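Here the structure comes first, spelled out in C-alpha cells, and everything after it is commentary.
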Amino acid sequence: MDKNELKTRTKKTAATLFGEGIKMEPPYHMWKAFDRDLANDFSLFITGNLYSRTVLTLQERQMAACAMLAALRARDELKLHVNAALNVGCDPRKLAEVFFQLAPYGGMPAVNEALDVYREVLKERDEWPVSDGGRSTE
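Using our numbering, the first residue of the sequence shown is number 3, and each one after it goes up by one.
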C-alpha cells in the first residue's frame with residue numbers, strides 16, 4: 003500500500019473512532035505539539051495499520067482496548083476508547099459487562115474506576131442511564 007492510501011485509511015478510521023461525542027482532546031494533538039513527524043508515524047501505525055486490520059472488527063478491537071485500559075486504570079485513554087467503542091456500535095450493556103469481568107483479574111477498584119469513566123462518557127453523550135442495566139428479572 004502506498005503512503006497516500008495509508009493516510010486516507012488512517013483519516014477514515016480515525017474519523018469513525020474519534021469523530022463524534024468525545025469531550026477531550028485526543029492524544030494525537032499532544033503528540034503533534036512535541037514532534038509532528040513522530041505523531042504522524044504513530045497515527046499511521048496505530049490507526050492506519052493496526053485498527054484497520056480486518057481480523058477483528060472495530061467493535062471487537064474497542065472492547066479489547068477498553069478492557070486493557072480499564073485493567074491498567076488508564077482513565078484518560080479509557081475515556082477516549084469508551085467513546086470510540088460507542089461510536090463504532092458496541093452494545094452499551096456488553097461494554098459494562100467487560101468492565102465487570104475485570105473483577106477477578108484487576109480487582110474491584112479497577113471495576114469501579116472503569117464504570118465511573120464509562121458513566122462520565124455516557125453522561126457527556128446524553129446516553130445515561132443505560133436501559134436494562136444487565137440481566138432481566140423476568
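Backbone N, C-alpha and C define an ideal beta-carbon position, used for all residues, glycine too. No experiment lies behind these values; they were computed from the predicted model shown.
Legend entry - Continuous alpha helix (DSSP H) stretch holding Gln61: start and end: 60-74
Inset, instruction - Please name the residue in Lys125, Thr12, Asp128 whose C-alpha comes closest to that of Asp43. - result: Thr12
Legend entry - First and last residue of the uninterrupted alpha helix (DSSP H) at Phe47: Element bounds for Phe47: n/a, residue is neither H nor E.
Inset, instruction - Would you identify the three-state DSSP class for Lys25, choosing helix, strand or coil? - result: In this structure, Lys25 counts as coil in the three-state DSSP scheme.
Legend entry - Contact set for Gln61: own chain, Cβ-Cβ below 8 Å, skip 5 residues either direction: Ala87, Val90, Gly91, Cys92
Inset, instruction - Would you kindly work out how many angstroms separate the C-alpha atoms of Ala69 and Met3, rounded to a whole number? - result: In this structure, the straight-line span from the alpha carbon of Ala69 to that of Met3 is close to 31 Å.
Inset, instruction - With DSSP as the reference, label Trp130 as helix, strand or coil. - result: coil
Legend entry - the stretch 47-61 touching the stretch 108-120, judged by at least three CB pairs closer than 8 Å: no
Inset, instruction - Give the DSSP-derived three-state secondary structure of Leu104 in the structure shown. - result: For Leu104, the three-state secondary structure derived from DSSP is coil.
Legend entry - Under the three-state DSSP convention, the category Thr10 falls into: helix
Inset, instruction - Kindly list the residues whose CB is nearer than 8 Å to the CB of Thr18, restricted to its own chain and excluding five residues on each side of it in sequence; keep chain order. - result: Around Thr18: Leu60, Asn89, Val90.
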